[in-house]
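Structure first, commentary second.
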Amino acid sequence: MKIGFFDSGLGGLTIMDAVRAAMPQYDYYYYGDTAHVPYGDKTEAEVYELTKAGVTHLFEQGALIVIIACNTASAETLRKLQDTFLVEAYPDRRILGMIIPTIETLLAAGSTKPLLIGTKRTVDSGKYQIELDKVSETHIALQSLATPTLVPYLEAKSSNKACAELTQLLHAYAHPFDALILGCTHYTILTDCVRNQYGDQCVVLSQDEIIPTKLQEYLSRHPTLEHALTKGRNTTCYYSGASHTI
Ligand code: DGL
6 MKIGFFDSGL GGLTIMDAVR AAMPQYDYYY YGDTAHVPYG DKTEAEVYEL
56 TKAGVTHLFE QGALIVIIAC NTASAETLRK LQDTFLVEAY PDRRILGMII
106 PTIETLLAAG STKPLLIGTK RTVDSGKYQI ELDKVSETHI ALQSLATPTL
156 VPYLEAKSSN KACAELTQLL HAYAHPFDAL ILGCTHYTIL TDCVRNQYGD
206 QCVVLSQDEI IPTKLQEYLS RHPTLEHALT KGRNTTCYYS GASHTI
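Take 6 as the starting number for the sequence shown in my numbering and just add one per residue.
Listed below in structure tokens is the structure:
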């Protein structure tokens, strides 16, 4: 069986590529919902239905574990999918998200003044603060900034424009921060852009650098799942709309 990845478009590919580089032996299947990108300004109900459809597709294609490589979908659907849909329809499968591994990494970095940037849906959901409060021994007030103009540039492969836009937004942001969470998988493409400018003053958390290790740790804690994963080194990509390569 395969490891599946779900995202609204291009962002999740960066996560899958990083996982494949770390663990090339497995079989992978990617679902990019490019017919409906961006998710960041959709309603919670819309994001839930689209994500459930994508996850169902991945399970039907033989995914044992689905990684929702999308913060917006992780924020709005993960707990609900795990607690209801998975239990009722696919009890032997697993769905994992982006937020908890990122928060664990944030805490390990010792940040006390983190800033999250992400889509409007991710920021409005408050899920990062909720999950942070569950695991942090002290209260850490998460600052957040919605940056909805970036995904359209990144889907159009205009990373220079996205970098210029993000630079402007961060320059205008008046409050100090000691960690910057790139809380949208599309933003992994902007890691160098922000590290070049803010790398001296804060830790930059990019999820393509977080998820491979976290998944390796997860598989070593769950050997039965690991044994059920086929080791054929195959990758399939499926797009509901326009296709992408990076
Ligand atoms: N890449 C996604 C995320 O991590 C979604 C971006 C979008 O579709 O708006 O939030």
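Quick reminder that beta carbons are idealized off the backbone N, C-alpha and C, glycines included.
Run through DSSP, which three-state label would residue i get?
i    : result
A94  : helix
V42  : coil
Q173 : helix
I251 : Residue confidence for I251 is low, a pLDDT of 42 falling below 50, so the modelled location carries little weight; the figure read from the coordinates is stated next. Here I251 sits in coil by DSSP.
G115 : coil
D213 : helix
G37  : strand
A252 : For residue 252 there is no data in the structure shown, the boundaries of the chain being 6 and 251.
Can residue i and residue j be called in contact, C-beta distance under 8 Å?
i    : j    : result
A23  : D213 : yes
F10  : A78  : no
A151 : G123 : yes
L120 : I186 : yes
Determine the direct distance from the alpha carbon of residue j to that of residue i, and round the result to whole angstroms.
i    : j    : result
D32  : P181 : 43 Å
T61  : I70  : 12 Å
V140 : L234 : 30 Å
A27  : E49  : 33 Å
T250 : G17  : Bear in mind that a pLDDT of 48 at T250, under 50, signals an unreliable position, so the number given afterwards is only what the model happens to contain. Spanning the two alpha carbons is a distance of roughly 12 Å.
L255 : I100 : Beyond the ends of the chain as shown, which are 6 and 251, falls residue 255; an answer cannot be given.
For residue i, which option in the options has the closest C-alpha, if you only look at C-alpha atoms?
i    : options                   : result
G246 : C189, T235 and G59        : G59
Y192 : Q206, Y178 and E170       : E170
Q202 : L63, T190, Q30 and C168   : C168
G188 : Q173, P157, A113 and V128 : V128
K162 : L15, P228 and L112        : L15
Between which two residues does the alpha helix (DSSP H) holding residue i run?
i    : result
R99  : Counting along the chain, R99 falls outside any alpha helix (DSSP H), though it belongs to the beta strand (DSSP E) covering R99 to L101.
C242 : It is not in any alpha helix (DSSP H) - C242 instead sits in the beta strand (DSSP E) that spans T240 to Y244.
L2   : Here the chain comprises residues numbered 6 to 251, so residue 2 is not present and cannot be evaluated.
C198 : T196 to Y203
Any C-beta of chain B sitting closer than 8 Å to the C-beta of residue i?
i    : result
V128 : Note that chain B does not occur in the displayed structure, where there is just one protein chain.
For the beta strand (DSSP E) containing residue i, name the first residue and the last one.
i    : result
D88  : It is not in any beta strand (DSSP E) - D88 carries neither H nor E in the DSSP assignment.
S13  : Note, S13: premise wrong, no beta strand (DSSP E); not H, not E.
Q148 : Q148 to A151
I73  : A68 to I73
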